[in-house]
Amino acid sequence: MDPQLDPTKDDLPLMANTSYMLVKHYVLDLDVDFKSKVIEGSIVLFFETGSRYQKTSSTGKEWCQSEFDQCCEMRASEPCHVPVTSVSACSSKMEYNGFAVSGKGEEAIRLPSPDEHGNHSNNERASGISSSKDGCDRGNHGNKDFVLVLDCCDLSVLKVEEVDVAAVSGIEKFTRCAKLTDVSKELGSVRNQIVHGLVTLPANRWKEQLSCFADCSQAPGCGELLFATGPWSLEVRKSGIQTPADFPHAIRIWYKTNPEGRSVAWTTDQSGKPCVYTMGSPINNRALFPCQEPPIALSTWQASVRTAAGFVVLMSGENSAEPVQLREDVLSWYYYVSMPMPASTFTIAVGCWQEVKQQSFTAATQTNTEFSLPSLQADFRWHEETCGHVEYPCRFQSPAAGLQAVIPHRVFSPRCLVERCEERLLQLIPQCLSAAHTTLGTHPFSRLDVLVVPPNFSSLGMASANSRVDSFSQMYKTSKGRIKAEGSEFEEKE
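With the first letter of the sequence shown counted as 1, position 280 gets the number 274 in the numbering used here; the numbers rise by one all the way through.
Here it is in structure tokens:
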């Protein structure tokens, strides 16, 4: 963590060079270990070449390379080469007088300061949006290699490798050539062609797309990539690759979180059971997984999370996941989203939660039962206009979704609060959903999970896609007929 920057007061440095490489999909494969308070595993990132490089490359590679050279002549210093005896040694965060060692043999990558990268300082970047002064500042540092930069903080990166998506059976349908063994095609170019075909599939093939992403994420690695970690970034390069178009468009990062990382909170619930969850941190999720933070970076994701039996994993996915038993003491949970969203909206909560159910009320919550609400005109955009967002399976274009006043929802809480939630919260949520539908129209998300967390939760009432987190340390009925919950009041209909 940079001692000169206070995330609660200062703008976060947006390091990712999204104008050259843009993440379109993440596949996370993680294990949650409560003994060590670490989340560990891998993440596969699928890229598309950024818009700025596409524009410059259309006028010729010479222009972009020329600008790369000019940038580096002004900013870059000679790299320091520190001998490394093993790959495992260089996988951890090792720094020598400002240099990080990574890769194979005696390779090393210098960690330039933010000014050398061309990043705006906090004073320069008052808007908090710009990630760099120009597009070629990540191009090279004393060499001709393109450098991919991701936003991350407080992560131990163990290994970065290129993913051999061409090894997946049946994947040749995403290439223009008939066979992947065509010697006239450079294999790296074919791999990138496959990823391009996959990320550009039309929205109505989203299920096929998710399946192919999952298959590709399990493909073997085909070469380790050089990497370096800084206070706010992860830099990755492939020796000899000078342009974003030639850089691997599918990479796998092996990493683990830090117990003191600021993106998640390790604590105990009201029943005294261990739990961990994202808590609306000022640094967002960059201490949970390497990502791209600039507003232009909208992506989909899917995640498999394993934890010990007895724990429940909740995430901001579109599906209501059910656990799969891998071993007697290990469960696996799988979630996904098909709507491209910022990485900061990704949420996870793992604990000994119990689903709150009330048999006599379940039927009513799963129907479009109307409650006594003021008559307001809802904006059903599905029959009035076409949405202007990027293509995805949009509920505003679905007449059935437009008529769904109460979407499917679940409530989870610590065991000691189940009765209170059943008595008061469970019946309140359908009324809130119906009121929102009457006032605002179609629900943008297909379902909702509500989780009651401990009172030390720093972001009361934080809402994300398909999930909402609330802290109800005290639940009681006031004399005004309201439910009081940690400073927030929800109207209760008699």
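By construction, the Cβ of each residue, glycine as well, lies at the ideal position given by its N, Cα and C atoms.
Measure the CB-CB distance between residue i and residue j and report whether it falls below 7 Å.
{"i": "THR436", "j": "ARG389", "result": "yes"}
{"i": "LEU228", "j": "CYS285", "result": "no"}
{"i": "MET15", "j": "GLY44", "result": "yes"}
{"i": "GLU155", "j": "GLU218", "result": "yes"}
{"i": "ARG409", "j": "SER265", "result": "yes"}
{"i": "ALA248", "j": "SER36", "result": "Here residue 248 turns out to be Trp, not Ala, going by the sequence shown. Against a cut-off of 7 Å, the Cβ pair of SER36 and TRP248 comes out as a contact."}
{"i": "PRO214", "j": "ASP158", "result": "yes"}
{"i": "CYS346", "j": "LYS250", "result": "no"}
{"i": "LEU220", "j": "CYS206", "result": "no"}
{"i": "VAL350", "j": "GLU287", "result": "no"}
{"i": "TYR330", "j": "LEU442", "result": "no"}
{"i": "SER332", "j": "PRO393", "result": "no"}
{"i": "ASP23", "j": "GLU34", "result": "no"}
{"i": "VAL21", "j": "VAL32", "result": "no"}
{"i": "ALA343", "j": "LEU445", "result": "yes"}
{"i": "ALA459", "j": "SER298", "result": "no"}
{"i": "VAL412", "j": "GLN348", "result": "yes"}
{"i": "THR237", "j": "VAL258", "result": "no"}
{"i": "THR223", "j": "VAL141", "result": "no"}
{"i": "ALA291", "j": "THR12", "result": "yes"}
{"i": "ALA399", "j": "HIS431", "result": "yes"}
{"i": "PHE40", "j": "VAL184", "result": "no"}
{"i": "LEU420", "j": "VAL405", "result": "yes"}
{"i": "THR194", "j": "HIS19", "result": "no"}
{"i": "GLY162", "j": "ASP209", "result": "Correcting the residue identity first, residue 162 is Val in this sequence and not Gly. Their beta carbons are under 7 Å apart, which means VAL162 touches ASP209 by this criterion."}
Buried or exposed for residue i, going by 16 or more other Cβ atoms inside 10 Å?
{"i": "ASN186", "result": "buried"}
{"i": "PRO402", "result": "exposed"}
{"i": "VAL318", "result": "exposed"}
{"i": "ALA303", "result": "exposed"}
{"i": "VAL447", "result": "buried"}
{"i": "CYS381", "result": "exposed"}
{"i": "LEU434", "result": "exposed"}
{"i": "ASP0", "result": "exposed"}
{"i": "ARG231", "result": "buried"}
{"i": "MET7", "result": "First, the amino acid is wrong: residue 7 is Pro here, not Met. PRO7 should be labelled buried."}
{"i": "HIS75", "result": "Here HIS75 scores only 32 on pLDDT, less than 50, and its place in the model is too uncertain to base an answer on."}
{"i": "ARG280", "result": "buried"}
{"i": "GLU385", "result": "exposed"}
{"i": "HIS383", "result": "exposed"}
{"i": "GLU321", "result": "Going by the sequence as given, residue 321 is Arg instead of Glu. Classification of ARG321: exposed, given that the 10 Å Cβ count is below 16."}
{"i": "PRO196", "result": "exposed"}
{"i": "LEU397", "result": "exposed"}
{"i": "SER211", "result": "buried"}
{"i": "ASN198", "result": "exposed"}
{"i": "SER490", "result": "As shown, the chain starts at -5 and ends at 488. That puts residue 490 outside it, with no answer to give."}
{"i": "GLU180", "result": "exposed"}
{"i": "GLU42", "result": "buried"}
{"i": "SER233", "result": "exposed"}
{"i": "SER30", "result": "exposed"}
{"i": "PRO424", "result": "buried"}
Just grab the DSSP bridge partners of residue i for me.
{"i": "ARG300", "result": "ASP25, SER326"}
{"i": "PHE41", "result": "VAL17"}
{"i": "PRO268", "result": "THR262"}
{"i": "GLY234", "result": "Answer is none; GLY234 lacks a bridge partner."}
{"i": "ARG246", "result": "VAL38, GLU155"}
{"i": "ASP145", "result": "SER227, CYS285"}
{"i": "GLU218", "result": "GLU155"}
{"i": "GLU503", "result": "Residue coverage of the chain in this structure runs from -5 to 488, which leaves residue 503 outside it and unanswerable."}
{"i": "MET309", "result": "ILE342"}
{"i": "SER293", "result": "MET335"}
{"i": "THR251", "result": "LEU149"}
{"i": "ILE33", "result": "VAL26"}
{"i": "ARG321", "result": "VAL324"}
Quick one: is the Cβ of residue i within less than 6 Å of any heavy atom of the ligand COA?
{"i": "TYR386", "result": "Although the ligand COA was asked about, the structure shown includes no ligands whatsoever."}
Using beta carbons (cut-off 7 Å, strictly below), is residue i in contact with chain C?
{"i": "GLU287", "result": "The chain labelled as chain C is not found in the depicted structure, where only one protein chain is given."}
May I ask you to verify whether the region 318 to 329 touches the region 243 to 256, counting CB pairs closer than 8 Å and requiring at least 3? no
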